Structure formats: C-alpha cells, structure tokens
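Novice:
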Amino acid sequence: MVTSRHVVGFFALSLTGCEAIQPSNCTLSPDHFLHPPSRERPKFRYWLPDASVNAETVEADIRASGDIGAGGVEFLPFYNYGGELGPAPAGVNWSTYGFGTPAHLNLFIAALKAHKQAELVMDFSLGPNQGQGIPAHPDDEGLQWDLHSTQVSISPSVASRGVFNGTIPGWGDGRLVAAVSTAVVSRANVSYNVTGVPGVTSPTTVAYEDLVLQDGSLTDITSNVSGNGILTWELPVSLTNRSDHELFFFYETLSHNHNVHFPSNTTATIWDNGSYVVDHYSARGAQTVKAFWEQHLLTDELRGLLRDVGNHGWEDSIEIRSNTSWTRTLPTRFKELFAYDLRPYLPLIIFGNNNINLQNTSPGTIRCTLNRPDQGQGYVNDYRKTLAAGYQEYLTTLSQWLKSLGVKGLSSQPSYNLPMDMEASIPYVDAPEYWDNGLQAAMDYMSRLQHVQQLGVPRTDIAFYNKQSATDPNLETVYTSEDLVDAGWSYTYLSPDNFDLPQAYVDDGNLAPEDAAYQAMVILGSQNLTQLSIAKLKSFTEAGLPIIVAGSAPGLYASESQIISEKDSFHDELIDLLNQKNVYHVAEGQISQKLRDLNLEPRVGVRTNGTWYSTWRDDKASGISYAYVFGDLVAATGEVVVQSKNTPYFLDLWTGARQPVLNYRTDGSTTTIPLQLAANQTKIIAFAAKTMRGLATPAFHATEVSSNVIGYAPVGDGFELHVAASSNPGLIRLSNASETPLHSHVPEAFELKSWTLRNTTHQLDKLVSWNELPAATNTSGVGYYHTNFTWPPVASTIGSANGTSFGAYLNFPPVLDAITVYVNGARLPPLDFASPFADATSYLVDGNNQVVAVVPGTMWNYLRSILPEIRSSGREFSSLAALPKTDNGLVGVVTVVPFEPFHLKAYL
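Just so you know, the sequence shown maps onto residues -20 to -1, 1 to 888 in mature numbering (1 follows the signal peptide of the UniProt record, and there is no 0).
1. Return the chain-ordered list of same chain residues with a C-beta closer than 7 Å to the C-beta of residue 263, the five sequence neighbours on each side being excluded.
2. Give me, in chain order, the residues of the same chain whose beta-carbon lies closer than 6 Å to that of residue 580; leave out the 5 immediate sequence neighbours on both sides.
3. With distances taken from CA atoms, which of 538, 531 and 560 is nearest residue 515?
4. Pull up the CB-CB distance for residue 294 and residue 395, whole angstroms please, since I reckon it's below 8 Å.
5. Please classify residue 622 as buried or exposed, where buried requires at least 16 neighbouring CB atoms within 10 angstroms.
6. For residue 28, which residues in the same chain have their Cβ closer than 8 Å to its Cβ, ignoring the five residues on either side in sequence?
7. I'd like the ranges of any beta strand (DSSP E) spanning at least 3 consecutive residues and lying wholly in the segment 21 to 88.
8. May I have the straight-line CA-CA distance separating residue 502 from residue 526, to the nearest angstrom?
9. Whose C-beta lies closer than 6 Å to the C-beta of residue 724 among residues of the same chain, with five residues either side of it excluded?
10. Report yes if the C-beta distance between residue 150 and residue 115 is below 8 Å; otherwise report no.
11. Determine, using beta carbons only, whether residue 195 and residue 352 come nearer to each other than 8 Å.
12. Leaving out five residues on either side along the sequence, give the residues of the same chain with a beta carbon under 6 Å from the beta carbon of residue 272.
13. Return the chain-ordered list of same chain residues with a C-beta closer than 6 Å to the C-beta of residue 415, the five sequence neighbours on each side being excluded.
14. Can you tell me whether residue 349 is buried or exposed? The criterion is at least 16 other CB atoms within 10 Å of its CB, across all chains shown.
15. Tell me the residue span of the alpha helix (DSSP H) that contains residue 589.
16. From what residue to what residue does the beta strand (DSSP E) around residue 885 run?
17. Is it true that the CB of residue 528 sits closer than 8 Å to the CB of residue 486?
18. Considering just the uninterrupted stretch of the alpha helix (DSSP H) at residue 316, what are its terminal residues?
19. Return yes when the Cβ of residue 43 is within less than 8 Å of the Cβ of residue 90, no when it is not.
20. What are the start and end residues of the alpha helix (DSSP H) that includes residue 572?
21. Alpha carbons only, please: which of 692, 866, 714 and 719 is nearest the one belonging to residue 818?
22. With three or more beta-carbon pairs closer than 8 Å as the criterion, would you say the segment 636 to 651 touches the segment 590 to 607?
23. Residue 151 lies in the beta strand (DSSP E); which residues open and close that run?
24. What residue does the beta strand (DSSP E) around residue 104 start on, and which one ends it?
25. Candidates 792, 387, 843 and 363: which alpha carbon is nearest residue 761's?
26. Helix, strand or coil for residue 213, going by three-state DSSP, please let me know.
27. Within 10 angstroms of the Cβ of residue 530, are there 16 or more other Cβ atoms? Answer buried if so, exposed if not.
28. Is the distance from the Cβ of residue 245 to the Cβ of residue 118 below 8 Å?
29. Entirely within the segment 274 to 343 and at least 4 residues each: give me those alpha helix (DSSP H) ranges in chain order.
30. Does the distance from the C-beta atom of residue 821 to that of residue 787 stay below 8 Å?
31. Is residue 870 helix, strand or coil when you go by DSSP?
32. Can you name, in chain order, every residue of its own chain whose Cβ lies under 7 Å from the Cβ of residue 571, other than the five neighbours on each side?
33. Output the residue ranges of the beta strand (DSSP E) runs that lie fully inside the segment 448 to 493 and measure 3 residues or longer, sorted by chain position.
34. Can you tell me which of 355, 629, 385 and 534 puts its alpha carbon nearest to the alpha carbon of residue 668?
35. Pick out whichever of 329, 354 and 355 has its Cα sitting closest to the Cα of residue 343.
36. By the DSSP assignment, the alpha helix (DSSP H) with residue 813 in it spans what residues?
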C-alpha cells in the first residue's frame, strides 16, 4: 500500500490478529471485554520517514497510541527516497539512515522499548517500504527473478528451405530457459482502453498481438541452441508446408526491481543500492531476508525485545512488477507437481501473469492460446498453482523463522496483486492482512456496478429546464412531487446553456437522440426562461419534442442587457411558445399522467408499494441494455415494466454471477418482471438481443410462479426450481401456455437459535443489538456468531417424488454494513447485506453443521463514548453527542429454508 505521507506520527488503523474462521484463538473471558489485552487490540500503522527521526518523538507517539486504546503500532520505516512518488527529499542519507544501519537499529530498539514500557506489542516490517525486500548485493540469487521472451516469425523462404540457422534474438540477456517452436493458426492485433488508472486522467490503451497456436505443435527445441546462441533447427516435415510458424526464446534474469530507490553515485555498501525486491516464489527469497536480519539487526538486545513485545513480522500488499512471474526453481517444481515439462508451454503463460493489478495496462505484448475449446487454459492453471506452491514455501520459511525469534509469526496480504488463488495461500500466513469484514465484497460490488453504469450510453426519460444564476451547493431537489418517481420515470436537469451543444437537436421526437434521448422536456412555473432559450425551445417542439409546463407560466431570466422592448417581446414569444400544439400545461404532480396521455412510457417503469429508482443504458456494440433498479429505505414488492423485448438476465453485483430471468411477461415491445427488493437493495437486469455467451438460456420462461419457489438455476434444457414448503399448492405457468403444479415434500423453515457471540463470549437465545448487551453497549468491532444445526431435519424424509434430495437456503436479517458466512468452515459467496440469502446446499453434511456469521460494527458507538476526549486541530466534537447509537451486530431471526429441486423441462 503506497502512501505519499512522510510525517512522524501519521497513523493508519491496522486491524490484525484474529482470523474469522478461528475465533477460538481470540476467545476472552467476559471481564476482558472492556480491557482486552494489547495483542488483540487494533494497531496503528506508523509511517516513519527514516531513521534520522528523533527517538523521543517516536516513543511519545507509541505511548500516545496506547493511551487512546491501541494495542501498539505497526512499525514501518517507509524510506520513500526517489521512489515512484517523487524525488528524494533534500539532504537525505540512505547510507547513514537506511534500513538495517546502526541508526535504524537504534530507533527500532527504542520503539520496542517504548512498547514494553507501555505494555503494548509491536508489528514490524521485514524490510523498508512495504517490506518486500531488503538492501542486498545486486547479484544475490535470493532477489526477484523475471522471465522475459523474444520471438521471431519464420518467413516463407525459411519454411520452404526447412532449416533455421542463426543467432537467437535476446541471446546474452539472461540465462536461456527454453526455445520453443509452434505453428500459428491465426494472428490478430487487439487493442482496448482502460480507464481509472491511478494518476492517469485519460484512458490508457492496451495493445497486443493475439496468436492462436496449433494444438500439439508446441515443441521444445532448446537442445538445438549452441553454447554461443546459434540455433540450428530443421523444421519438421509436418510444418514445412504451413505458412506461419513462430519461435519463442525465454530468458530468466534477476529483475533488480527496487522496493525503495536511492539516488546514490557510490556502491561501497549494500545501502548505497537502495533496497531490492526478493524472490517471492521460493524459500530462497525468505532466506535472503533472514540472512540480512541475522547479519545487520538481530543483536542480543533486539532478540530479547522481540521475544517480549514483538507481535508479527509484516509484509504489505505485493506491489512488485515483472514481465512474467518467475523463479529459477519453477520448472523443477512444476514437473514435480504435474509430471510434465512446463517449458514447451511457456508461450501460453507470457500474457497476464505479472502484477495483475498494478500492470493491468501492460499484461504483455503477445497473447497465445491454443485452437481447442479450453484454449490451453489448463497449462496456465498449472503454472499458477506452481507459483502458489513456491509462494507458500516463501511464506512458510518466513513464518517459521519469525516464530523461532519468539514472535507470533508472519502477517501479510497473501498473494495480493499476483496471479494466484489467494485463498489457497491464506492458511500459510499466521495473520492474513487481507480485506476482511466484507470490504472486499463491497469493493467488488461497487466495481461491478460502476462497470455496468459506464457501458454504452445512458438514456434518461425526461429533461427538466433548470436555469440558475448560481447553483445551490446543497443541490436541493427541484421537482418535489412524487408522480414521476412513483411511475419509474428517470429525469435530469438541463440549463439552456446546454442547448448550444452539438448533440442538442431533436430527431424522432427525442432530444439528444445519440445521447440521453429525452422523450420530453418539463418547465416548472418557478423557472425563468432566458430570451435566447425561447427560440430553442420552440425549435425543439416544432421538431416533435413534447414540452410540459407544470404550474404557472415561467418568468423571464433577468439580464441588464434586455431593454424594455426586448422584455415586451419576451412576453409575446412566451405566449407563442405556450400556444404551440406540442406544448402542454398541467399542475405540478400531474406530469406523469400527461406523459401517459401522450402515449409515452418510462424506459424502466415501476409498479411497487415502495420507492424504486432506475437507470437505463444502451450498449449498441454488444447489443445489450441494462436496467438498474434501487430500492429505497424500505422493503417493497412490485414489478418493473421495461421497454425492451430482448432476453432478460439478472446480474449479481455481489458474486458476479449471471442467469436468465425465470419469471416475466411480454406484451408487444415491453417486458414485465416481478421483483422483491429489500431496503437499499440493488438489481441489475441485462436485456440481450442474443443469448449471452456461455450461459444456459432455456427457450422458454415462466409467466407466473407461486411464492414457494425461492430460487432457481438454469440447466441445459430448462430450469431447476427450488421449491419450499407451502400451505397452499404451488403452481407455475409457462410462456408456452402450459402449467404444472409444484408439490414439495420438504419440512418447514426453522429458526437457528442458541448463538455464541465472540470475541468475548455471550450466549444468546435471540439475536439482539450489542446495545442491549450491557458489556458491549459502547463497543465497536467484529462479532463472530456461532451456532449449529442438524441436517436433514429429524422430521424430514430424505428424497422426494422425483428422486432428488433436499437442499437449503440460509436466510439472515439485513445487517448494517457487511456479513460473511461460513458453513462447516467453507466460506459462502459474498452476500448482499441488504438481503443476506444464500443457497447453502453444497456446503451441508449429514448430521451436525456449523454456521459462523462474521458481522462488523461501525466505530461510532465506541467513539461516541469518548467524544469529550477527542480533538482535531484543537476542535471538539460535542455537537455530535446528540447523535444516537447504532444497532451493531446480527439482529433478528436466522432461518434455514429447506427446498426440493424440481427440474422444469422445455416440453412441459
């Protein structure tokens, strides 16, 4: 995590320690609730500019952190000298004050002593900056390795001769790992734009060559390369009559990437080189870190202090760059794991296997796939698993070494940014510092929503004329009547200054047809028209745009440039405008009805007992449009009426899953979809002109579904319905006019009770807010809720009329911010905090099943209790004291809802 702060005493809150799925490690007796031990308190990340800082200042900051309830600090000597964030500050001296120098060692010892005196504990970085490397000699083989490639296309003349003889490209730039030949089926140049790159305001173009290779043609020809880099190679007979071949050459080198840059003209000591990133894919990198500490830091005094108050050695998110993630031992490890040689398949891994976050705009210059259904993805997956195995060895080596020093072990953000399965490496870290408590799920949710809301062109139903001399910074609502929102009309505001934009013209009755495509314009009587706007408005309505004047007639927008005669002409021009045949006058609150009288409809109309807001986007390039529906404040049921007859799909913003909509009705050019939205819940519905690739989309759908169908999944020839118990017979009607009853044999839903709430332990007969627990009323943090239940229910009979077994959903009450659920130790996919409802069937076992719900609370309840003690730049926060506490934790009823799967086939 990079920061540009270079001030002593800058803190960032670091919540480390207990893992969500190991709450027993954090169990405290009830009397520890108000005063938990330091090792289980949050820490502050302490960004230290360098070791020239006065030790007394550091000691005072550490004591202050303990005084306000922290467990200590995460001690991070940042050393941003000449790094990516700017040049080195004037007068710095890395050689004197660098990581591992005597000055740094003295300050490190002082920080540990301050923790010991204050009865706190300290996390510490394993190296400067983000802890990803250490000062070292540039030829140390424990530093980061990189794999880069060169390639050459075989010309037709060479192919016709059947022999290649020459020096291979890139020779001398690293050790040759492999030379590989392959036949090329097709080539294409690909480019696309990426937006949102940090520090870059304009889109970044990603360009690469896409090669489809002949399956079975990848051949290792390394043995044909001489010791001086000459390749002598005879093309196989099977290739000589092909017109396109490619040779790849792969080299491994020490990357010499720095985690801290230091502009020095001398190389007398390792500190003059800055700090190098170490190898993260083998034990060798960890051994280099260990050797540095043994030689430069681990005095007897430091060892004793680490045993006393050291908590975790720490490494931040992995912000290292490469061409292709690599280590020298990877081919050997690969063969041990998978019993075949990786080297012939190296062309398949050279794209998108570097830092997949920081280098998302530079994934590689060539992408190779095979001409078979899986495109050779299996080779890539094996490579990534091998990377993970080496990375796990790196983590294990560090963890064991740190524990030998008497500290708790290793804390890190495992595999973050790297092309590996993160969850596979989490167990190898003693305190994973990944985004927990629902934050990662929330970020994924927002990212997916932002993605959809930037596709294609946003369409808006209505434009409100709105001319302001100075816009109210509070952005108060201009139109306060509810009629438009109640019917689902989307609207925005236009200043007459916008009328001069090139897209401000009317075609086919729509204003800005290539943009928002407004169906009508509304002018409120409270508005004032400019002199020039009247002519524009008249031209719009003459071209077919309906204009609705709501309330009294608008006035004149005052300007000293208008003389009396012009004001008189304004009145005449206004009367002329109001008398146009396509201009209509209604009372405020009657706009929606007038629009319907004009045979206009919202693109996403709503019929609901609550309040729903919607947007609509058209993406002509993909042939897909997107409806966004947001349920405001209270739970509501109803339906959306969408002006599209394309196939609808639900897009799950929390999990990324897509599935065709089961239940909807069509009528001409409209599609009506029943919905049920919790308070603050969002739905995205895509309407595709063609069926979405890779998704089973049955040729039929339902037009009416009984309420006991609580879920479904598409299958190749229809849908699998999840049918719960119901006192009334279930029924489904299909688009082919057939219908069938739904008889379920499952038991009724049942409540989960007898919860255990940790970190401190509370036995709860029912789930109540922490405010109702005397020991937790002013508490903020994370609650771990444990319970058990027997599956299947004792009263049920396994199996059903159609020979399938039962399944079950877990239904949780809405939570304030986030909820993460584990069933029998396995984490369920991310849950919508507004309506946490998930199919848990695949996680259940016969007999006893454990459920763990992890629910974070806000910091407000605790902060509210200490408001009189808080100051910011000398300012108090007493005005906030009147704000009430929030309900924290899991509040309400959790139920298990059994269901019977029912296969609905197309012939019904």
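Each residue gets a CB set at the ideal place from its N, CA and C atoms; glycine is no exception.
In this text, all values refer to a predicted model and were calculated from it rather than measured experimentally.
Specialist: So, from the listed chains and residues:
1. Sequence index remark: in the sequence shown, residue 263 carries index 283 (1-based). Result list for residue 263: 373, 374 and 377, in chain order.
2. Taking the first residue of the sequence shown as position 1, residue 580 is located at position 600. Counting only Cβ-Cβ distances below 6 Å, and skipping sequence neighbours, we find 499.
3. As a working note, residue 515 is residue 535 in the sequence shown. Measuring from the Cα of residue 515, the nearest candidate turns out to be 560.
4. The residue labelled residue 294 in the question sits at position 314 within the sequence shown. The residue labelled residue 395 in the question sits at position 415 within the sequence shown. About 16 Å separates the two Cβ atoms, so there is no contact after all.
5. In the sequence shown, counting from the first residue as 1, residue 622 sits at position 642. Buried.
6. As a first step, residue 28 is located in the sequence shown; it is residue number 48 there, counting from the start. For residue 28, where only same-chain residues beyond five positions count, the Cβ hits under 8 Å are -13, 38, 55, 56, 57, 58 and 87.
7. 23 to 28 and 53 to 57
8. Taking the first residue of the sequence shown as 1, we reach residue 502 at position 522. Taking the first residue of the sequence shown as 1, we reach residue 526 at position 546. For residue 502 and residue 526, the distance between alpha carbons rounds to 9 Å.
9. As a first step, residue 724 is located in the sequence shown; it is residue number 744 there, counting from the start. 703, 705 and 880.
10. Numbered from its first residue, the sequence shown carries residue 150 at position 170. Numbered from its first residue, the sequence shown carries residue 115 at position 135. The answer is no: Cβ separation not under 8 Å.
11. Here residue 195 refers to the residue found at position 215 when the sequence shown is read from its first residue. Here residue 352 refers to the residue found at position 372 when the sequence shown is read from its first residue. Taking 8 Å as the Cβ cut-off, residue 195 and residue 352 qualify as a contacting pair.
12. Stepping through the sequence shown from its first residue, residue 272 is reached at position 292. These residues qualify, in order along the chain: 114.
13. Taking the sequence shown and counting its residues from 1, one reaches residue 415 at position 435. Per-residue confidence for residue 415 stands at a pLDDT of 46, beneath the threshold of 50, marking its modelled position as unreliable; no derived number is given.
14. Working through the sequence shown from its first residue, we reach residue 349 at position 369. Under this definition residue 349 is a buried residue.
15. Locating residue 589 in the sequence shown gives position 609, where the first residue counts as 1. Run containing residue 589: none; DSSP gives neither H nor E here.
16. Residue numbering aside, residue 885 sits at position 905 when the sequence shown is read from its first letter. Looking at the DSSP string, the run of the beta strand (DSSP E) that includes residue 885 is 875 to 885.
17. Numbered from 1 along the sequence shown, position 506 holds the residue referred to as residue 486. Numbered from 1 along the sequence shown, position 548 holds the residue referred to as residue 528. No, these two residues do not count as a Cβ contact at 8 Å.
18. Residue numbering aside, residue 316 sits at position 336 when the sequence shown is read from its first letter. Element bounds for residue 316: 310 to 318.
19. As a first step, residue 90 must be located in the sequence shown, where it is residue number 110. As a first step, residue 43 must be located in the sequence shown, where it is residue number 63. Their beta carbons are not under 8 Å apart, which means residue 90 does not touch residue 43 by this criterion.
20. Taking the sequence shown and counting its residues from 1, the one referred to as residue 572 is at position 592. That run of the alpha helix (DSSP H) goes 571 to 577.
21. Looking up residue 818 in the sequence shown gives position 838. When only C-alpha atoms are compared, the closest one is 692.
22. no
23. Sequence index remark: in the sequence shown, residue 151 carries index 171 (1-based). From DSSP, residue 151 is part of no beta strand (DSSP E); its letter is neither H nor E.
24. Position 124 of the sequence shown, counted from the first residue, corresponds to residue 104. That run of the beta strand (DSSP E) goes 102 to 105.
25. As a working mapping, residue 761 is identified with position 781 in the sequence shown. It is 843 whose Cα lies nearest to the Cα of residue 761.
26. Stepping through the sequence shown from its first residue, residue 213 is reached at position 233. The answer is strand: DSSP assigns residue 213 an E or B state.
27. Locating residue 530 in the sequence shown gives position 550, where the first residue counts as 1. Burial call: buried.
28. Locating residue 245 in the sequence shown gives position 265, where the first residue counts as 1. Locating residue 118 in the sequence shown gives position 138, where the first residue counts as 1. No.
29. 280 to 289 and 310 to 318
30. In the sequence shown, counting from the first residue as 1, residue 821 sits at position 841. In the sequence shown, counting from the first residue as 1, residue 787 sits at position 807. Yes; because the gap between Cβ atoms is below 8 Å, this pair is in contact.
31. As a position in the sequence shown, residue 870 is number 890, starting the count at 1. If DSSP states are grouped into helix, strand and coil, residue 870 belongs with coil.
32. Along the sequence shown, one-based indexing puts residue 571 at 591. 463, 464, 502, 528 and 530.
33. 471 to 474
34. Here residue 668 refers to the residue found at position 688 of the sequence shown. Closest option to residue 668, Cα to Cα, is 629.
35. As a first step, residue 343 is located in the sequence shown; it is residue number 363 there, counting from the start. Nearest C-alpha to residue 343: 329.
36. Locating residue 813 in the sequence shown gives position 833, counting from the first residue. Element bounds for residue 813: n/a, residue is neither H nor E.
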